[in-house]
């Protein structure tokens, strides 16, 4: 592998026992700093009977209580706008970001200082260099550049690497496609959904992206970046290699990335994070190869300590040797495989949107889709998949019938309706796609009806 300041053999190929020791040392310092600087967290530690002196191994991390999104948001409501968790004065901040939020709920607001922002860009450098981005590349960001943190850090990472950066904010999809072609971009960064949307627009413009200059797509914002069928479709339509990444506003930046060996998952940047995988119900740890919720402790933030944050992401951790790249950083097989709170119960069967997409994307005839949940006659829950099939020569009946069978086989025989809708009638997305429409209602205790 090419030597560079962004390929760090001292950290990325560190033997496991040395990596564990590094994490313990950083964890102890993090807890000491948090205890000294943030009274709110200091009280939480004391209430749990934990002191910094007790943190001497990775097992000791489990003494510390979990940090949750609900608690974080509640703290902001009680002490607006940032809550009681800042470790530095507000006037020292240089950046402000918000989570993309949930309907009807307060988004999490974060501040970053100089230390945070330097580290945020460095973390993206791990991912970009690992996926093969080099100073000679021209990188286009199909990103809105709003308060959502998204690809902000990635933009600055590419500048640090020495790439030519093309910011694509405030542009139509057509204009973005045109600039990618005109500027001969070699790398494109977007959500998986928007990568497909740009390919769709390029076809309508008579542009063959597969024969163009783009060699790599770096995907983020949705689990779809590691869904094999979706990823394959993106790679075919762009004629380029696609790599998955994931981060969170709460954690500051990218945490996991797919290297150019494409091991079927994403490496964890373990010199800078501790990633636990727990049973979502019991909170107990699960082993390699078992699905669970990822809990993250972040070492790089200078404004907001983040210790044992429950992400609600579902993952399956496997050992680093699954990949031939030489890194000793463990891997999440399939990246983020879903969300704890995304699961829907339909007639006794668990349904995850990611699993549905994995099947739908096997059908190249589908341009866009939506999962629709509703209650029939006020009694029976139903699930259907709405699909757009733009090619008039496609046998729609054959596609929908085969898809319905495949969905049922993957969901314990649960019957899915699959029907076509008019082309262009389903929503399009630039950032995180929301393809689940749950219209089911339940009757409240007082007899009122409210959304499920």
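Numbering (this note's numbering), first residue to last: 91 to 542. In this text, a Cβ means the ideal position worked out from N, Cα and C, and glycines have one as well.
Check: Among 451, 481, 165, 223, nearest to residue 475 - alpha-carbon criterion; Outcome: 451
Check: Sub-8 Å separation of residue 263 and residue 291 beta-carbons; Outcome: yes
Check: Assigned exposure category for residue 136 - 16 Cβ within 10 Å defines buried; Outcome: exposed
Check: Opposing strand residues paired with residue 363 [DSSP bridges]; Outcome: 388
Check: Coil, strand or helix - residue 430 by DSSP; Outcome: helix
Check: Coarse secondary structure for residue 215, derived from DSSP in three states; Outcome: helix
Check: Length at least 3, wholly inside the stretch 419-485: the beta strand (DSSP E) runs in chain order; Outcome: 421-423, 434-436, 439-441, 458-466, 470-478
Check: C-alpha distance - residue 247 paired with residue 464, whole-angstrom precision; Outcome: 44 Å
Check: Rounded straight-line distance, which links the Cα of residue 230 to that of residue 256; Outcome: 5 Å
Check: From 333, 355, 359, 350, residue whose alpha carbon lies closest to that of residue 344; Outcome: 359
Check: Status (buried if at least 16 other CB within 10 Å, exposed otherwise) for residue 259; Outcome: exposed
Check: Contact the stretch 269-277 vs the stretch 371-381: 3+ CB pairs below 8 Å; Outcome: no
Check: Rounded separation between residue 294 and residue 355 - CA only; Outcome: 33 Å
Check: Extent of the continuous beta strand (DSSP E) to which residue 566 belongs; Outcome: Look at the range of the chain in this structure, 91 to 542, and you will see that residue 566 is not part of it.
Check: Inter-residue spacing [alpha-carbon to alpha-carbon] between residue 347 and residue 308; Outcome: 9 Å
Check: Host beta strand (DSSP E) of residue 228 (start-end); Outcome: 228-231
Check: N- and C-terminal bounds of the beta strand (DSSP E) containing residue 288; Outcome: Per DSSP, residue 288 belongs to no beta strand (DSSP E); it is in the alpha helix (DSSP H), 282-294.
Check: Under 8 Å between C-beta atoms of residue 455 and residue 507; Outcome: no
Check: Segment contact flag, the stretch 414-421 with the stretch 102-109, C-beta cutoff 8 Å, min 3 pairs; Outcome: yes
Check: Residue 307 (DSSP reduced to helix, strand or coil); Outcome: strand
Check: Cβ-Cβ distance between residue 221 and residue 153 below 8 Å; Outcome: no
Check: Where residue 336 sits in the DSSP three-state scheme; Outcome: strand
Check: Pair within 8 Å by beta-carbon distance, residue 176 and residue 394; Outcome: yes
Check: Residue(s) in a DSSP beta bridge with residue 527; Outcome: 462
Check: Bridge-paired residues (DSSP) for residue 238; Outcome: 188
Check: Span separating the alpha-carbon of residue 232 from that of residue 145; Outcome: 43 Å
Check: Backbone CA spacing between residue 143 and residue 457 [nearest angstrom]; Outcome: 57 Å
Check: 8 Å Cβ cutoff met for residue 523 and residue 237; Outcome: no
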